[in-house]
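Position in the sequence shown (first residue = 1) + 1 = this note's numbering.
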Amino acid sequence: MADIISHPPMEQLQDLEYCIDSNPPWAETVILAFQNYIVMLGTSVMIPSLLVPAMGGSDGDKARVIQTLLFVSGLNTLLQALFGTRLPAVVGGSFAYVIPIAYIISDSSLQRITDHHERFIQTMRAIQGALIVASSIQIILGYSQVWGLFSRFFSPLGMAPVVGLVGLGLIQRGFPLLGQCVEIGLPMLLLVIGVSQYLKYVRLSRDFPIFERFPVLICIAIVWIYSVILTASGAYRGKPSLTQHSCRTDRANLISTAPWFKFPYPLQWGPPTFSAGHSFAMMSAVLVSMVEIFKFFTLLKSVLKQKKKLVEVTYFALPTPCLMLNIMLQSTGAYKAASRLAIATPPPAYVLSRGIGWQGIGILLDGLFGTGTGSTVSVENVGLLGLTRVGSRRVVQLSAGFMIFFSILGSYTKAWEIWEIIISPVNPSCVLAGKFGAVFASIPFTIFAALYCVLFGLVASVGLSFLQFTNMNSMRNLIITGLSLFLGMSIPQFFNEYWNPSHRGLVHTNAGWFNAFLNTIFSSPATVGLIVAVFLDNTLEVEKSKKDRGMPWWVKFRTFRGDNRNEEFYTLPFNLNRFFPPT
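See below:
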């Protein structure tokens, strides 16, 4: 039997081309970095497209917010890759903040402002103040090493379902959204699978695997052109509003409204305003990084129907100690997956805490610049590491440069003139300007949904790969794994069925903070998975099951000095470890 089964556990993946500190040739690096930028663009466009109209902003305001979000995402990604965990992880806008921001938008004092632009400015300043206050909690918990201390209760058995649910918990951003424009989404999904898997060994020239390295760029280019043809031919005339928003390439209205040159700067919307209620609502966002995906789409439908009126959402008010749990959980799961896909060791507790601290600084920058939302690790970009088999840190650092560049500079060339002439029969205003970032932002979100089906699934499978270090012939381990995965999907589904903008969840007592706590905790797949997996793993036959849980392999990665490779992967640049030694 031993001769038949020859797949021993492996600490590091072996079939990736480039690891965290190895770099492709420069030409390849630049294209890979641009591909990372394109992948993170979906979320960066969708969040402002939902929130800015509800805040009273114009299309010009929406374009400016998108530019600001891209600029700050570039800064946060660069800071995280240089001084945080140093993993090849993109940091971008998060859907977790959509509902707390909706609470701020629906504030009666802001709704009474009759001038739309003035209401947008005042709402943005209120969101900025709330983000600044919320960031302080994550900074404190990160740099105080509290999260690192909590991570001592993690084991490969406990983390496998948690990291798995980081990907599986995002199913609402996959096929349910793809199905809103199946004539674009389904071809994209099939094309991504075909190009990245069935054509990956095809070499067109110089023995270079172009289809394996750049499947996202190739597939998006083909399906994007196909969707432009459908739009220009009038295929969506008379279709429902949701279908048009999902399928058409001219609905973003960003090309004609984006400024030619705009350098985002702190406090560009004016000084932030601070409110205790807004701050508590914003801080609660860190608890809902998974569940808000479902609520986001419910809210989106309301916005499409009402356009100028946003229903009131007011149940988010939580006591401070629980605020950071879910956002740090998602980030921890994403970091664990990124380390494996970058052929690095699992980040030790000190590195995780350092990354969480810098993530808090990132949210502070979101508040200072006015991005309209907070930030977290981009799960889709983590999946892209595995799809392309490139885990190079330099690629992600350069992609941060693309985010900053395209958020600042517009360019007008003959190529884009031709492009705009093609789509001008549908939207003549598009010929007014040719801005790189705005053009890319017009990609239908359905195309990104097809990508998410592949990328989120890959992240989920990376989480399950941690089970190779455990004894899966143990009934104890089978029960913990199965129960964590099943309840992690089943309980949130039950709670989500009771949520809508007017009904505030399954739990609805007279204590608003209590309702928010329970509804939020049990509506998050990753949080439910964490509670079940970590509790059972640390209470059921703990002493007798250390080896079965995978602890002999895991324990050496708890501390920075526990494995010699940690210094290679996670040491700070510029010899900064002399001033900030690992603890």
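Don't be surprised by glycine CBs; every beta carbon is placed ideally from N, CA and C.
Closest in alpha carbon position to N382, among P10, P9, R249 and I39, is I39. For the 8 angstroms CB-CB criterion, V535 and G165 do not form a contact. DSSP, read as helix, strand or coil, puts T471 in coil. For A345, same chain residues with a beta-carbon under 6 angstroms away, outside a window of 5 residues either side, are I21 and F570 in chain order. Inclusion of V196 and F176 in the CB contact set at 8 angstroms is not warranted, their separation being larger than that value.
Less than 8 angstroms separates the beta-carbon of W359 from that of L80. DSSP places S376 in the strand class (E or B) of the three-state scheme. In the structure shown, V529 adopts helical secondary structure according to DSSP, grouped into three states.
Here the alpha carbon of V460 sits roughly 21 angstroms from the alpha carbon of M473. Exposure of S109 is indicated by the presence of fewer than 16 other C-beta atoms within 10 angstroms of its C-beta. In the structure shown, the three-state DSSP call for Y19 is strand. Secondary structure of G93 (DSSP, three-state): strand. Using a 10 angstroms sphere on the CB of G483, the tally of other CB atoms stays under 16, which defines it as exposed. Counting of Cβ neighbours within 10 angstroms places P241 among the exposed residues, the total staying below 16. According to the DSSP assignment, A450 belongs to the alpha helix (DSSP H) that extends over F446 to L465. Among the bridge pairs identified by DSSP, V391 is matched with Y19. Each residue's CA atom was taken as its position, placing S340 and L537 some 26 angstroms apart.
Here DSSP, grouped into helix, strand and coil, assigns F84 to helix. Sequence-distant Cβ neighbours of I221 in its own chain, meaning closer than 7 angstroms and more than five residues away, are I39, I444 and I448. If you ignore the 5 residues before and after Y19, its C-beta comes within less than 7 angstroms of the C-beta of P25, V391, G392 and S393, all in its own chain and listed in chain order. By the 16-neighbour rule on beta-carbons within 10 angstroms, Y202 is exposed.
Spanning the alpha carbons of W27 and G402 requires a straight line of approximately 14 angstroms.
Taking the Cα positions, R126 is about 17 angstroms away from A64. When P49, A338, T372 and Y336 are compared, the shortest CA-CA separation from G271 is found for T372. The alpha-carbon separation between N567 and W148 amounts to approximately 19 angstroms. In this structure the region 87 to 96 lies against the region 363 to 379, because at least three pairs of beta carbons, one per stretch, are closer than 8 angstroms. The region 359 to 369 and the region 134 to 143 touch, with no fewer than 3 CB-CB distances between them shorter than 8 angstroms. When DSSP states are grouped into helix, strand and coil, G271 belongs to the coil group.
Rounded to the nearest whole angstrom, the CA to CA distance from M476 to R550 is 12 angstroms. Nearest to L70 by alpha-carbon distance, out of V134, L42 and S59, is L42.
Taking the Cα of F121 as reference, the smallest distance to any Cα among L187, S107, E184 and V53 is reached at V53. Within the model, the alpha-carbon separation for V229 versus Y104 is close to 36 angstroms. In its chain, beyond the 5 residues on either side, M283, I364, D367, G368 and G375 have a beta carbon closer than 7 angstroms to the beta carbon of L132.
With contacts defined as CB atoms closer than 8 angstroms, L573 and F84 qualify as a contacting pair. By the neighbour-count criterion, in which 16 or more other beta carbons inside 10 Å mark a residue as buried, R87 falls on the buried side. Burial check for V46: the Cβ neighbour count within 10 Å reaches 16 or more, so the residue is buried.
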